[in-house]
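Novice:
Number of protein chains: 2
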Amino acid sequence: MKGLLTFAPGPSQIYFTVEDHLREAFRTGIPSISHRSKTFEQLSADCTNGLRELFGVPSDWEIYFVSSATEVWERSLENLVIQKSLHYVNGAFSAKYHEFAEQLGLNPRAIKTMEGTGFLSEHIEQTDAELISVAQNETSTGVRTTNDFISRIREKNPEAILIVDAVSSLPHLQPDFKLVDSVFFSVQKGFGLPAGLGVWMVNSRTRAKAGAVKEAGKLQGTYHTIQQLSDHAAKHQTPSTPNVLGIYLLGKVCRDFLRRGIENIRSETSYKSTVLYQAFSENDHLKPFVSNPEHRSETVIVADTGDHTKKLYDYLSGHGLQPGDGYGKFKATQLRFANFPALSKESFEKLSDLVRDFRP
Amino acid sequence: MKGLLTFAPGPSQIYFTVEDHLREAFRTGIPSISHRSKTFEQLSADCTNGLRELFGVPSDWEIYFVSSATEVWERSLENLVIQKSLHYVNGAFSAKYHEFAEQLGLNPRAIKTMEGTGFLSEHIEQTDAELISVAQNETSTGVRTTNDFISRIREKNPEAILIVDAVSSLPHLQPDFKLVDSVFFSVQKGFGLPAGLGVWMVNSRTRAKAGAVKEAGKLQGTYHTIQQLSDHAAKHQTPSTPNVLGIYLLGKVCRDFLRRGIENIRSETSYKSTVLYQAFSENDHLKPFVSNPEHRSETVIVADTGDHTKKLYDYLSGHGLQPGDGYGKFKATQLRFANFPALSKESFEKLSDLVRDFRP
Numbered sequence: 037m038k039g040l041l042t043f044a045p046g047p048s049q050i051y052f053t054v055e056d057h058l059r060e061a062f063r064t065g066i067p068s069i070s071h072r073s074k075t076f077e078q079l080s081a082d083c084t085n086g087l088r089e090l091f092g093v094p095s096d097w098e099i100y101f102v103s104s105a106t107e108v109w110e111r112s113l114e115n116l117v118i119q120k121s122l123h124y125v126n127g128a129f130s131a132k133y134h135e136f137a138e139q140l141g142l143n144p145r146a147i148k149t150m151e152g153t154g155f156l157s158e159h160i161e162q163t164d165a166e167l168i169s170v171a172q173n174e175t176s177t178g179v180r181t182t183n184d185f186i187s188r189i190r191e192k193n194p195e196a197i198l199i200v201d202a203v204s205s206l207p208h209l210q211p212d213f214k215l216v217d218s219v220f221f222s223v224q225k226g227f228g229l230p231a232g233l234g235v236w237m238v239n240s241r242t243r244a245k246a247g248a249v250k251e252a253g254k255l256q257g258t259y260h261t262i263q264q265l266s267d268h269a270a271k272h273q274t275p276s277t278p279n280v281l282g283i284y285l286l287g288k289v290c291r292d293f294l295r296r297g298i299e300n301i302r303s304e305t306s307y308k309s310t311v312l313y314q315a316f317s318e319n320d321h322l323k324p325f326v327s328n329p330e331h332r333s334e335t336v337i338v339a340d341t342g343d344h345t346k347k348l349y350d351y352l353s354g355h356g357l358q359p360g361d362g363y364g365k366f367k368a369t370q371l372r373f374a375n376f377p378a379l380s381k382e383s384f385e386k387l388s389d390l391v392r393d394f395r396p
Numbered sequence: 037m038k039g040l041l042t043f044a045p046g047p048s049q050i051y052f053t054v055e056d057h058l059r060e061a062f063r064t065g066i067p068s069i070s071h072r073s074k075t076f077e078q079l080s081a082d083c084t085n086g087l088r089e090l091f092g093v094p095s096d097w098e099i100y101f102v103s104s105a106t107e108v109w110e111r112s113l114e115n116l117v118i119q120k121s122l123h124y125v126n127g128a129f130s131a132k133y134h135e136f137a138e139q140l141g142l143n144p145r146a147i148k149t150m151e152g153t154g155f156l157s158e159h160i161e162q163t164d165a166e167l168i169s170v171a172q173n174e175t176s177t178g179v180r181t182t183n184d185f186i187s188r189i190r191e192k193n194p195e196a197i198l199i200v201d202a203v204s205s206l207p208h209l210q211p212d213f214k215l216v217d218s219v220f221f222s223v224q225k226g227f228g229l230p231a232g233l234g235v236w237m238v239n240s241r242t243r244a245k246a247g248a249v250k251e252a253g254k255l256q257g258t259y260h261t262i263q264q265l266s267d268h269a270a271k272h273q274t275p276s277t278p279n280v281l282g283i284y285l286l287g288k289v290c291r292d293f294l295r296r297g298i299e300n301i302r303s304e305t306s307y308k309s310t311v312l313y314q315a316f317s318e319n320d321h322l323k324p325f326v327s328n329p330e331h332r333s334e335t336v337i338v339a340d341t342g343d344h345t346k347k348l349y350d351y352l353s354g355h356g357l358q359p360g361d362g363y364g365k366f367k368a369t370q371l372r373f374a375n376f377p378a379l380s381k382e383s384f385e386k387l388s389d390l391v392r393d394f395r396p
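Taken in sequence, the protein lines are chains A and B. Per my numbering, residue 37 is the first one in the first sequence, and the count goes up by one each step. Per my numbering, residue 37 is the first one in the second sequence, and the count goes up by one each step.
What follows is the structure, encoded as structure tokens:
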């Protein structure tokens, strides 16, 4: 909202360089370029190279541009599963991935935890599922799933395609590209960009699996099959006219992150997370929703605010800081605070001071 | 491209108010608003109301936001066809719609004309296809299909869902909402907006058909089924995070068009078309690709430029006017000129003068 700094976890606070990049884009005619032009191919390569550099994406991985992370849920199921998928579900978004598999007539299974709790060793099982999904950070509840846990899923299931929903964990949590096969996110969270673009990174195993699913005769969709995405990505193009401006801006913000230093951004994110959780612990009128500190997300920080929710929301907004609402059934009793690179240390210190001093 | 006015038919010249609207969007925090907020619902309603007013969309029609017109090809086939579709094909884009139906395992038929020619009475037939598609304007070849022709398809096929690809015909050609069931477009053509948003308008018959297809047990997809789109549109929302900024800008440009007067825009478009075709006729070194004047598009004007193609391209570009390339196999022998509202009368007069005077 106008004049407020928003801590909503997506669409979220726009990264401070974005408006300048947009102005530059208009100055140089980017919004009118053809998506079949050399200029687009260059811009698209700049963006994927930026992501590769930022996260150390291995060379056998390809990077695709789609319309949203939601689209990746659907496309991955269409392209990579003939029969069975397995979904680690610990909140509304990971649950939706599982639900999509049901809607597509697959035979999915969900391993569920209570909202606000993370996965434990007992949740790891061997399965014959072709695709296993796990959200590195469940945006609805602020629960994270560690790379260590993901590595144990992998250990038990060397054959499955392991896909990581990194929607609200990137750029903070480094994906372990040796452990997993596929990682996706959307740009309106950690990258601080306007909504309307999803990014899907896949390794060669994922592409081989898509090929095998096709061989088996399954219909995989049309313009956004992995095959189509891959064929076009090889030319730094897309199967249909994409959100050109979104790709341009993502490339620019990757460069900004690289200049700032990804490790600097990450340590600042950890610092901001620490001060806010600390403030929670110093105020008796609220508490972290996620009780186990090991499962607490650093990038989406959720507070149980009970009866004080509206009061705290208004109090913070009155100071120019707009919290995110609790998700779904928690709307009236929780607040969420995105901790993305667009939000400065100073804004988190101010937020934390206000939270600490809050009296209902 | 920088400094050039582009006549490429999409992504195309940005409408001259867009940059100001973007600045205003950033000033008021639009890129950060939640797609579940009242602010978004209002912005989304403004956009659909603008479209309704601009085209006189009847009240039983709903308007959905998706990622592209390409997506509508896929979603319409998934949602509206159990067995059979029929596609009027007169160029690369209408052909792709037909191809999508094949990829989805349907049993589609295509009624084809040669590229550069339009449909004639003999092409109208009675069919038991559930969906009939026709492109009001085939962007690859600059051939238009008249409402009169569409009305004769309807006459012979009162039961089928008749869907019109209006990608490069809007806002110039008024859809006849009494004749057809579904109309779609993307915003990077006639609306002069950055790419990354598609709009799909459907009547109640279309929704009923989607319901019947669902009843019959067909899988229709996940988040972008007509049912999901409809349920969310009722609240002025979308099933997943959309291109919020794109919807905002489309609403603003609709208002700009309304202020300018849609009839003024249309008569100016006709004027611009007339002067350019006139220039074609006065230069022996090129000619309109579409020989039958009744089938010539006013919004995408295609010239057969043969061996002179590169020379004419360079000559026009040297004067600050960038033609669009010919499509596909015509890349080396044709040039295309979009005639959208973003391109002024003066720019068309200049273009026409240059074309008239061109000597290879």
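For each residue, glycine too, the CB sits at the ideal point set by N, CA and C.
Under 8 Å Cβ-Cβ, which residues of chain B neighbour residue 43/A?
Specialist: Ordered by position in chain B, no residue passes the 8 Å Cβ test against residue 43/A, which lies about 10 Å from the chain.
Novice: Check the Cβ of residue 68/A against every Cβ in chain E and list those closer than 8 Å, keeping chain order.
Specialist: Annotation note: the requested chain E is absent from the structure, which comprises protein chains A and B.
Novice: With a Cβ-Cβ cutoff of 8 Å, do residue 370/B and residue 325/B count as a contact?
Specialist: Against a cut-off of 8 Å, the Cβ pair of residue 325/B and residue 370/B comes out as a contact.
Novice: Hey, how far is the Cα of residue 248/B from the Cα of residue 39/A?
Specialist: Spanning the two alpha carbons is a distance of roughly 48 Å.
Novice: Expressed to the nearest angstrom, what Euclidean distance is found between the alpha-carbon atoms of residue 390/A and residue 348/A?
Specialist: When rounded, the distance between both Cα atoms is 9 Å.
Novice: Across the stretch 277-287 of chain A and the stretch 130-147 of chain A, are there enough close Cβ pairs to call them in contact, namely three or more that are closer than 8 Å?
Specialist: Flag = no, the stretch 277-287 of chain A and the stretch 130-147 of chain A do not touch.
Novice: Please name the residue, chosen from 221/A, 107/A, 146/A and 287/A, that lies closest to residue 120/A on a Cα-to-Cα basis.
Specialist: It is 146/A whose Cα lies nearest to the Cα of residue 120/A.
Novice: Would you tell me roughly how many angstroms separate the C-alpha atoms of residue 37/B and residue 68/A, rounded to the nearest one?
Specialist: Residue confidence for residue 37/B is low, a pLDDT of 48 falling below 50, so the modelled location carries little weight and cannot support an answer.
Novice: Tell me the start and end of each unbroken alpha helix (DSSP H) in the stretch 321-368 of chain B that is at least 4 residues and wholly inside, in chain order.
Specialist: 345-354, all fully within the stretch 321-368 of chain B.
Novice: Please report how far the alpha carbon of residue 64/B lies from the alpha carbon of residue 284/B, in whole angstroms.
Specialist: Approximately 12 Å between the Cα atoms of the pair.
Novice: Could you please tell me which residues of the stretch 135-159 of chain B, in chain order, have their CB closer than 7 Å to any CB of chain A?
Specialist: For the stretch 135-159 of chain B, which is checked against every Cβ of chain A, the residues closer than 7 Å are 136, 139, 140 and 141.
Novice: Residue 193/B by DSSP, collapsed to three states: which one?
Specialist: Three-state DSSP puts residue 193/B in coil, outside helix and strand.
Novice: Taking DSSP as the reference, what is the three-state secondary structure of residue 373/B?
Specialist: Of the three classes helix, strand and coil, the one that applies to residue 373/B here is strand, per DSSP.
Novice: In the structure shown, what three-state DSSP assignment does residue 123/A receive?
Specialist: Strand, per DSSP.
Novice: Against chain A, with Cβ distances strictly below 8 Å, would residue 375/B count as a contact?
Specialist: No, no contact with chain A.
Novice: Could you tell me which residues DSSP puts in a beta bridge with residue 171/A?
Specialist: Per DSSP, 201/A.
Novice: Indicate whether residue 233/A and residue 222/A have their beta-carbon atoms separated by less than 8 Å.
Specialist: It is a contact, given that the beta carbons lie within the stated cut-off.
Novice: Against chain B, which members of the stretch 343-364 of chain A pass a CB distance test of less than 7 Å?
Specialist: Answer in chain order: no residues at all.
Novice: Using the DSSP secondary-structure output, state which residues sit across from residue 41/A in a beta bridge.
Specialist: BP columns for residue 41/A point to 357/A.
Novice: Since residue 312/A and residue 337/A are thought to touch, with beta carbons under 8 Å apart, how far apart are those beta carbons, to the nearest angstrom?
Specialist: Right, their Cβ atoms sit about 5 Å apart.
Novice: For the pair the stretch 66-84 of chain A and the stretch 90-106 of chain B, tell me if three or more CB-CB distances fall below 8 Å.
Specialist: No, because fewer than three Cβ pairs between the stretch 66-84 of chain A and the stretch 90-106 of chain B fall closer than 8 Å, the two stretches do not touch.
Novice: Quick check: what's the CA-CA separation for residue 163/B versus residue 114/A?
Specialist: Straight-line Cα distance between these residues: approximately 31 Å.
Novice: Can you find a CB in chain B that lies within less than 8 Å of the CB of residue 98/A?
Specialist: So, not an interface residue.
Novice: Could you please tell me which residues of the stretch 249-282 of chain B, in chain order, have their CB closer than 9 Å to any CB of chain A?
Specialist: So the list reads 255, 256, 257, 258, 259, 260, 261, 275, 276, 277, 278, 279, 280, 281 and 282, given in the order they occur along the chain.
Novice: Counting only beta-carbon atoms, is residue 231/A nearer than 8 Å to chain B?
Specialist: So, interface residue.
Novice: Would you be able to state if there are at least three C-beta pairs under 8 Å between the stretch 298-313 of chain A and the stretch 149-167 of chain A?
Specialist: Touching, no.
Novice: Can you pull the chain A residues whose beta carbon is under 9 Å from the beta carbon of residue 110/B, in chain order?
Specialist: Per Cβ cutoff of 9 Å: 257, 258, 259 and 260.
Novice: Is the stretch 102-118 of chain B in contact with the stretch 248-262 of chain B, if contact means three or more CB pairs nearer than 8 Å?
Specialist: The stretch 102-118 of chain B vs the stretch 248-262 of chain B: in contact.
Novice: Do you know how far the Cα of residue 109/B is from the Cα of residue 144/B?
Specialist: So the alpha carbons of these two residues sit roughly 13 Å apart.
Novice: Say whether chain B places a C-beta atom closer than 8 Å to the C-beta of residue 177/A.
Specialist: No, residue 177/A does not count as interfacial toward chain B.
Novice: To the nearest angstrom, how far is the alpha carbon of residue 48/A from that of residue 323/B?
Specialist: Each residue's alpha carbon lies about 52 Å from the other.
Novice: Between 125/A, 226/A and 194/A, which lies nearest to residue 375/A when the distance is taken from Cα to Cα?
Specialist: Nearest of 125/A, 226/A and 194/A to residue 375/A, Cα basis: 226/A.
Novice: Write down the C-beta distance between residue 140/A and residue 41/B rounded to the nearest angstrom, noting that I regard them as a contact closer than 8 Å.
Specialist: That pair is no contact at about 46 Å.
Novice: From what residue to what residue does the alpha helix (DSSP H) around residue 112/B run?
Specialist: Taken as a continuous stretch (DSSP letters only), the alpha helix (DSSP H) holding residue 112/B covers 105-116.
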